[in-house]
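Have a look at the structure below, then the notes.
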Amino acid sequence: LKPPKKIITPYGGRISFIMPGKNRLTIHLKDKQKIRVRKRWSQVMYLYYLLGYRLMMKVDDEIRKEIISQNTFILTLDGDVDFSPQCVHLLVDLMKKDRRLGAACGRIHPRGSGRQFEVLYFSEAKV
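Residue numbering for the sequence shown follows our numbering, beginning at -4 and increasing consecutively.
This is the structure in structure tokens:
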């Protein structure tokens, strides 16, 4: 694996790897000093970059845009989420079965006890 490209962005930074098979893995890093610290701003930022810039601005051919958009998958996670790679397989399988499926959302279940758990539990219930 080659060393990643590191790019400074208006929202923080981006690290891009070219994986085996020429798949691209892009990691976006949000600087809380530059981006509003509110729910879902990170996801908006990533979607704008991917759809508004990488797809719409850099690709001219409409047929190519369609093919790329049908083969683009986005996974966003908060830093405090337990995650297993098997989840990606399940999601991709689900999306392949139904080509109309454009997004899927999993419910976060905070774990633990005490005051912080209660705040997280209440916060996630409002989403």
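Even glycine gets a Cβ: it sits at the ideal position worked out from N, Cα and C. If you're wondering where the values come from, they're calculated on a predicted model, not measured in any experiment.
Can you grab the Cα-Cα spacing for the pair F12 / I22, in whole Å? Distance between the alpha carbons of F12 and I22 is about 9 Å.
What do you get for M147, buried or exposed, if any count of 16 or more other CB atoms within 10 angstroms of its CB means buried? Look at the range of the chain in this structure, -4 to 122, and you will see that residue 147 is not part of it.
Which whole-angstrom value describes the C-beta separation of Y48 and I30, a residue pair presumed to lie in contact below a C-beta threshold of 8 Å? Actually they are not in contact, since the Cβ atoms of Y48 and I30 sit about 16 Å apart, beyond 8 Å.
The alpha helix (DSSP H) that contains L(-4), what's its start and end? Boundaries cannot be given for L(-4), as no alpha helix (DSSP H) includes it and DSSP labels it neither H nor E.
Separation of L70 from P80, as counted between CA atoms: Annotation: P80 to L70 spans about 11 Å, alpha carbon to alpha carbon.
Those residues which DSSP pairs with S64 across a bridge: Note: S64 sits in no beta bridge, so no partner.
Please classify G16: does DSSP put it in a helix, a strand, or coil? In the three-state reduction of the DSSP assignment, G16 falls in the coil class.
Give me the Cα-Cα distance between L45 and N66, rounded to the nearest whole angstrom. About 13 Å.
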